[in-house]
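> Sharing a structure below in structure tokens format, with a few things to ask.
Okay, structure coming up:
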């Protein structure tokens, strides 16, 4: 059975096409990843990038996207009509075929651990990947 996961990261850039295009290309450079959609928003100053592949391919695509986004997006002067936590605001993994939500949560945990270890960037896991019940709701995490 084919195993397929969708990843829908939201990056905190919606006004500079060169940044969101490079970030989407970074995700798509992972073998086995197909970028399905790139949806920038100038008012919110964020872009939603959607890609799919096998669990391991999508995990690598998400890593490459985060590396690129954190290099290209400076949050010190960021403004936009949507709350955000960082250069990459959220990176949800969605089960599509032959994969469970728990497996997707484990992908999120693995990615978060790598981002923290290799990039030194804090990571907040939420919903199914949360480490405790009070961290499940993203709005609660954003509000502190």
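Numbering (the numbering used here), first residue to last: 684 to 827.
Backbone N, C-alpha and C fix where the C-beta goes; we use that ideal spot for every residue, glycine too.
#1: Distance check for residue 741 and residue 790, CA to CA, integer angstroms please.
#2: According to DSSP, simplified to helix, strand and coil, what is residue 756?
#3: Residue 733 bridges to which residues according to DSSP?
#4: Comparing C-alpha positions only, which one of 731, 721, 772 and 705 sits nearest to residue 755?
#5: Is the beta carbon of residue 747 less than 8 Å from the beta carbon of residue 710?
#6: Expressed to the nearest angstrom, what Euclidean distance is found between the alpha-carbon atoms of residue 784 and residue 771?
With the given structure in hand:
#1: In the chain shown, residue 790 corresponds to position 107, counting from 1. In the chain shown, residue 741 corresponds to position 58, counting from 1. Using only the alpha carbons, I get a separation of about 9 Å.
#2: Here the question's residue 756 lines up with position 73 in the chain shown. It is coil, neither helix nor strand.
#3: In the chain shown, the residue the question calls residue 733 occupies position 50. According to DSSP, residue 733 bridges with 720.
#4: As a first step, residue 755 must be located in the chain shown, where it is residue number 72. Residue 755 has its Cα closest to that of 705, out of 731, 721, 772 and 705.
#5: Taking the chain shown and counting its residues from 1, one reaches residue 747 at position 64. Taking the chain shown and counting its residues from 1, one reaches residue 710 at position 27. The answer is yes: Cβ separation under 8 Å.
#6: One-based indexing of the chain shown puts residue 784 at position 101. One-based indexing of the chain shown puts residue 771 at position 88. Taking the straight line from one Cα to the other gives about 21 Å.
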